[in-house]
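J.: Sharing a structure with you now.
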Amino acid sequence: MRKATALIGALVLAFVLSACGTSASDPVPEESNAITTPSPSLIPPVPGTDVRSIDPSFYDVGFSEFLFRAGDGPVWCTINADEKWALCEQNEAAAEYEPLQTPDDCQGSYGYQLKLYEDPTNSTLENGVAAGFMCSGGYYSDPSVAQTLQNGESITVGDIKCYVIDFTARCDNKNSQYIALGAKVWAAKN
1 MRKATALIGA LVLAFVLSAC GTSASDPVPE ESNAITTPSP SLIPPVPGTD VRSIDPSFYD
61 VGFSEFLFRA GDGPVWCTIN ADEKWALCEQ NEAAAEYEPL QTPDDCQGSY GYQLKLYEDP
121 TNSTLENGVA AGFMCSGGYY SDPSVAQTLQ NGESITVGDI KCYVIDFTAR CDNKNSQYIA
181 LGAKVWAAKN
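Listed below in structure tokens is the structure:
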């Protein structure tokens, strides 16, 4: 009987403590118009001066596109110089965050590709926003041919700058809008 009482007590304590897990001191996205993310503390901050700029020609795969893998992680990104956007993606199986609800009009995969436009007026995303998720029928780029952009390195193509912190990629435009994608986190700020 003591074991049952102890077990019930431990379960109640675990439940109470888990309910207290979110507090006002938890980090929040940088702006109120940022898309909610699994863990805002995992969003890479704006790149500092210690981020090393790499020549983007090393990542040039032709057709005005630049492709890189974020460290040894599951994320890879393409920057399109002609159409002025960046797209970061990962395999669904690599994502460690909860799946996102797929919009009714999406017949493909959702929550594993984020796109950022240099200028929101040229965006094809819903409502003309600069950053957001894509409904996808497959990968945009082949990650097997991507060169690695290491932790603390960045490339800039046009007005889009992407960099890697650990295994997460973050791409910013000149308007301080951004996307970030990693196995444990995603973010899009408009």
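The opening residue of the sequence shown carries number 1 in UniProt numbering; numbering runs sequentially from there. We treat Cβ as the ideally placed atom computed from N, Cα and C, and that holds for glycine. These figures come from a predicted structure and were not determined experimentally.
#1: Identify, in the order they occur along the chain, each residue of the same chain with its Cβ nearer than 7 Å to the Cβ of residue 157, setting aside the five sequence neighbours on each side.
#2: To the nearest angstrom, how far is the alpha carbon of residue 133 from that of residue 147?
#3: Taking just the CA atoms, how far does residue 104 sit from residue 163?
#4: Could you check the C-alpha separation between residue 126 and residue 69 for me, to the nearest Å?
#5: Helix, strand or coil: how does DSSP classify residue 53 here?
#6: Report all residues from its chain with a CB closer than 6 Å to the CB of residue 187; omit the five preceding and five following residues, and keep chain order.
#7: Where do the ends of the beta strand (DSSP E) carrying residue 61 lie?
#8: Rounded to the nearest angstrom, what separates residue 109 and residue 139 at their Cα positions?
#9: Considering only the beta carbon of each residue, do residue 184 and residue 41 sit closer than 8 Å?
#10: By a C-beta neighbour count over all protein chains shown, 10 Å radius and 16 as the cutoff for buried, is residue 94 buried or exposed?
#11: So for residue 100, helix, strand or coil by DSSP?
#12: How about residue 170: is its C-beta nearer than 8 Å to some C-beta of chain D?
#13: Let me confirm a value: residue 20 is counted as buried when at least 16 other C-beta atoms fall within 10 Å, else exposed. Which label applies?
T.: In short, the structure shows the following:
#1: The residue given as residue 157 occupies position 157 in the sequence shown. When the five nearest sequence neighbours on each side are left out, the beta carbons in the same chain lying within less than 7 Å of the beta carbon of residue 157 are those of 56, 66, 79, 81, in order along the chain.
#2: Here residue 133 is taken as the residue at index 133 of the sequence shown, counted from 1. Here residue 147 is taken as the residue at index 147 of the sequence shown, counted from 1. Using only the alpha carbons, I get a separation of about 24 Å.
#3: In the sequence shown, the residue the question calls residue 163 occupies position 163. In the sequence shown, the residue the question calls residue 104 occupies position 104. One C-alpha to the other measures close to 33 Å.
#4: Within the sequence shown, numbered from 1, the residue matching residue 126 stands at position 126. Within the sequence shown, numbered from 1, the residue matching residue 69 stands at position 69. About 27 Å.
#5: Counting from one through the sequence shown, the residue named residue 53 turns up at place 53. Reduced to three states, the DSSP call for residue 53 is strand.
#6: Counted from its first residue, the sequence shown places residue 187 at position 187. Here residue 187 has 37, 43, 180 as same chain residues with Cβ atoms under 6 Å from its own Cβ, once five neighbours each way along the sequence are excluded.
#7: Looking up residue 61 in the sequence shown gives position 61. Its beta strand (DSSP E) spans residues 60-62.
#8: If you number the sequence shown from 1, residue 109 lands on position 109. If you number the sequence shown from 1, residue 139 lands on position 139. Taking the straight line joining both Cα atoms gives about 10 Å.
#9: To locate residue 184, count along the sequence shown from 1; it is residue 184. To locate residue 41, count along the sequence shown from 1; it is residue 41. No, the pair does not count as a contact, with Cβ atoms beyond the cut-off.
#10: Taking the first residue of the sequence shown as 1, we reach residue 94 at position 94. By the Cβ-count criterion, residue 94 is exposed, with fewer than 16 other Cβ atoms from all chains shown falling within 10 Å of its own Cβ.
#11: The count along the sequence shown starts at 1 and reaches residue 100 at position 100. Three-state DSSP puts residue 100 in coil, outside helix and strand.
#12: No chain D appears in this structure, which consists of one protein chain only.
#13: Within the sequence shown, numbered from 1, the residue matching residue 20 stands at position 20. In this prediction, residue 20 has a pLDDT of 34, which is less than 50 and means its spatial position is unreliable; what the coordinates show is noted afterwards. By the neighbour-count criterion, in which a residue is buried when 16 or more other Cβ atoms sit within 10 angstroms of its Cβ, residue 20 is exposed.
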